[in-house]
Amino acid sequence: MTVPGAARVRPPRTAPVRRFLRPRVTLAFELVAVAAWIALIASAVTGGSHDAARAGAAHHHMSAPHEVHGASASADLVMWAFMSVAMMLPAAVPALAHVGTNSLRRRRQRAMATFAAVYLAVWIGYGALLRAPAPLWARLPDDVALACALALAAAWQLTVHKRRALRDCHRSSPLPPSGPRAVAGACRFGLRQGWACLRSCWALMLVMAVASGRSGMLVWMAVLTGIVLTERLARKPRRPTRLAAAALAAAALAVVLPDAAWRWY
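Structure representation (structure tokens):
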């Protein structure tokens, strides 16, 4: 006996595939993140503008120190902006989808672009603020500075402030449908999401700031992006957060112990 409607029941295994193949409102922004990754990989492979700025600074140090310092600072900030797009924009995809699905079709892309601009401005501002303490870790040996940053990130993963910030990252916000209120709502939501994400991931991005421009930078970017995405997309992020803390602590030991053992030997 055939049950009515049984032919319309799809196997559960096909559901994730169908969801993936369904048209995505966030596809353009996902492609922007991919483009940022490609640009950073190309920069690392070819030497990029970051190393060129440093080489130019060394070459012209005696002739125009203030001009060269400004060029180097600008190159560092541009590099940070690309890293923010590559690493943090994917974490904002659920919030972008919320903006897209709750906006009128005619202004959907504009609302999402407004949200993304405000969200990324928070991270770029954080990168600009990190310029002030950068000379402090620049005086330390590379391995020691990176190990300290990793240990700090591991400790932050276990705090109640991290859990609260991560919980705020999962909160949505009502968005007005049209008019100036819609623009203000997208900006406000972008600021809230950016601030919550910054409170959650500032220590992870501090690791990235310390590792920036050094060998293995792309590996650290991939690892940290994986941690951020796992925490953001997990339904119960507490377990991934603890596992990330253990991994970061192990990485801190792995970075500093070989150097210490070599010195003792």
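In case it helps, numbering that gives the first Met the number 0 puts the sequence shown at residues 0 to 264. Think of the CB as a built atom: it goes at the ideal place given N, C-alpha and C, for glycine as much as any other residue.
- Between V227 and L203, the CB-CB gap stays under 9 Å.
- The alpha carbon of L242 has as its nearest neighbour, out of A154, A38, A96, L88, the alpha carbon of A154.
- Nearest neighbour of L232 by Cα position, chosen from T25, A85, A94, turns out to be A94.
- Contact annotation: A251 and C147 have beta-carbon atoms nearer than 9 Å.
- Distance from the CA atom of R23 to the CA atom of P140, rounded to whole angstroms, is 45 Å.
- Sequence-distant partners of V92 (beyond 5 residues in either direction) whose C-beta falls short of 6 Å from its own C-beta, in its chain, are T25.
- W194 is positioned such that its CB atom lies no closer than 9 Å to that of V255.
- Its Cα nearest to that of V143, the residue V209 stands out among L217, V209, V159.
- Taking C-beta separations shorter than 7 Å and ignoring five residues to either side along the sequence, the partners of M111 in its chain run F28, L95, V98, G99, following chain order.
- The beta carbon of A116 lies closer than 8 Å to those of G189 in the same chain, with the five residues before and after it left out.
- Nearest to V222 by alpha-carbon distance, out of L30, M86, S42, L39, is M86.
- Straight-line measurement puts the Cα of I37 at about 14 Å from the Cα of V218.
- For the 9 Å CB-CB criterion, L76 and A152 do not form a contact.
- Shown here, L190 sits in a helix according to DSSP, grouped into three states.
- Under the three-state reduction of DSSP, S73 is assigned to helix.
- By the CB criterion at 9 Å, M207 and A43 fall outside the cutoff.
- If you look at S42, you'll find it in the alpha helix (DSSP H) that goes 26-45.
- Counting only the Cα atoms, R105 lies some 15 Å from A185.
- Here the alpha carbons of A127 and R237 stand approximately 30 Å from one another.
- The closest CA to that of V33, considering only A74, G46, L88, T45, is found on L88.
- Secondary structure at S199: helix, using DSSP grouped into helix, strand and coil.
- Within 10 angstroms of the beta-carbon of S102 lie 16 or more other beta-carbons, which makes it buried.
- Runs of the alpha helix (DSSP H) lying entirely within the segment 116-155 and spanning at least 4 residues, in chain order: 133-137.
- In this chain, the alpha helix (DSSP H) harbouring P93 covers 92-100.
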